[in-house]
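This report refers to the structure that appears directly beneath it.
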Amino acid sequence: MKIILHTENCMGCGACNDRTPEVFGQDELTNMVLLLDPTPPPDLHDSVRAAAANCPTATIELLDE
Ligand code: SF4
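Under this note's numbering, the first residue of the sequence shown carries the number 20, and numbering increases by one thereafter.
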């Protein structure tokens, strides 16, 4: 799995950070998403998929490898 963020779409809701803080951070000033781990380990894939599916602005794109 590889993660690509389209950060121009992010509205800073924090949902991805709440769900998977190992992978998605949040900028303290702007609230925009930060990508902490673009290639997360397999045990986080389900959580990352859920974060992507529940992002209200389709900011998180996943590439399976
Ligand atoms: S869930 Fe989507 S809109 Fe919300 S902070 Fe994460 S990337 Fe941004």
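Idealized CB from N, CA, C, for every residue including glycine.
### Query
Ala70 and Thr39 look like a contact to me (Cβ under 8 Å); what is the Cβ gap, rounded to whole Å?
Indeed, because the Cβ distance is near 5 Å, the residues count as touching under 8 Å.
### Query
Per DSSP, which one or two residues make a beta bridge with Gly44?
Answer is Leu53, bridged to Gly44.
### Message
Quick check: is any heavy atom of ligand 1 less than 7 Å from the C-beta of Pro57?
### Response
No; taking the cut-off as 7 Å, the Cβ of Pro57 has no heavy atom of ligand 1 nearer than that.
### Query
Going by DSSP, which residues form a beta bridge with Leu81?
Under DSSP, Leu81 takes part in a beta bridge, and its partners are Ile22.
### Message
Tell me whether Val42, by its Cβ, gets closer than 7 Å to a heavy atom of ligand 1.
### Response
Distances from the CB of Val42 to the heavy atoms of ligand 1 are all 7 Å or more.
### Message
Taking 7 Å as the cut-off, is the beta-carbon of Val67 closer than that to any non-hydrogen atom of ligand 1?
### Response
No, Cβ of Val67 sits at least 7 Å from all heavy atoms of ligand 1.
### Message
Helix, strand or coil, according to DSSP, for Pro59 in the structure here?
### Response
Coil at Pro59, not helix or strand.
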